[in-house]
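Below is one structure, written out as structure tokens; the observations come after it.
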Amino acid sequence: MDDIDATRELSSAEAAGVPFRWMEQPSNDVNTACIYETIHGWRVSTTDERATEESVHDYVDRRAAVDDFVSRVQGLVRYGELRKRLLGR
Numbered sequence: 053m054d055d056i057d058a059t060r061e062l063s064s065a066e067a068a069g070v071p072f073r074w075m076e077q078p079s080n081d082v083n084t085a086c087i088y089e090t091i092h093g094w095r096v097s098t099t100d101e102r103a104t105e106e107s108v109h110d111y112v113d114r115r116a117a118v119d120d121f122v123s124r125v126q127g128l129v130r131y132g133e134l135r136k137r138l139l140g141r
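Residue numbers (this note's numbering): 53 to 141.
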């Protein structure tokens with residue numbers, strides 16, 4: 053996936069109110085997908101309810117990192133939609 057396709061996916065996530073950090077390290081954000089550059093390539097992670105970075109994967113290939121990141125964001129969107137349906141909100 054290239055940046056243009058990723059931007060399309062991220063705009064729908066943003067509209068749904070799903071937090072993510074595109075090309076930024078995680079901060080104190082909870083339940084947030086992150087992608088950022090490291091010395092060795094690209095890192096993709098998700099923060100938990102304590103804003104701790106978890107499920108960390110490092111990539112040399114930027115495209116693979118973007119694919120992983122977008123997949124995580126899409127999962128957070130689906131989770132949010134399911135939660136709304138189940139809670140009736």
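Backbone N, C-alpha and C define an ideal beta-carbon position, used for all residues, glycine too.
Just how far apart, CA to CA, sit residue i and residue j?
i      : j      : result
TRP74  : ASP57  : 13 Å
ALA117 : GLU61  : 15 Å
LEU134 : ALA68  : 12 Å
ASP120 : GLY140 : 30 Å
GLY127 : SER79  : 20 Å
TYR111 : SER123 : 15 Å
GLU106 : GLU76  : 15 Å
HIS92  : ASP113 : 10 Å
Does residue i come within less than 8 Å of chain B when only Cβ atoms are used?
i      : result
LYS136 : No chain B is part of this structure, which consists of one protein chain only.
Since residue i is in the beta strand (DSSP E), which residue starts that stretch and which ends it?
i      : result
ARG95  : 93 to 99
VAL108 : 105 to 111
GLU89  : 85 to 90
ARG102 : Neither: ARG102 is in no beta strand (DSSP E) and is coded neither H nor E.
Who are the near neighbours of residue i in its chain, counting only those whose CB is closer than 7 Å to its CB and skipping five residues on each side?
i      : result
VAL125 : GLU61, LEU62, ALA65, VAL70, PHE72 and ALA85
To which residues of the same chain is residue i closer than 8 Å at the C-beta, ignoring the five residues directly before and after it?
i      : result
VAL108 : ARG95, VAL96 and SER97
What is the C-beta distance between residue i and residue j, in whole angstroms, given that I count them as a contact (C-beta under 8 Å)?
i     : j      : result
MET53 : ARG130 : Contact flag wrong, Cβ pair sits at about 17 Å.
From what residue to what residue does the alpha helix (DSSP H) around residue i run?
i      : result
ARG135 : 114 to 139
### Message
Across the segment 97 to 104 and the segment 79 to 87, are there enough close Cβ pairs to call them in contact, namely three or more that are closer than 8 Å?
### Response
yes
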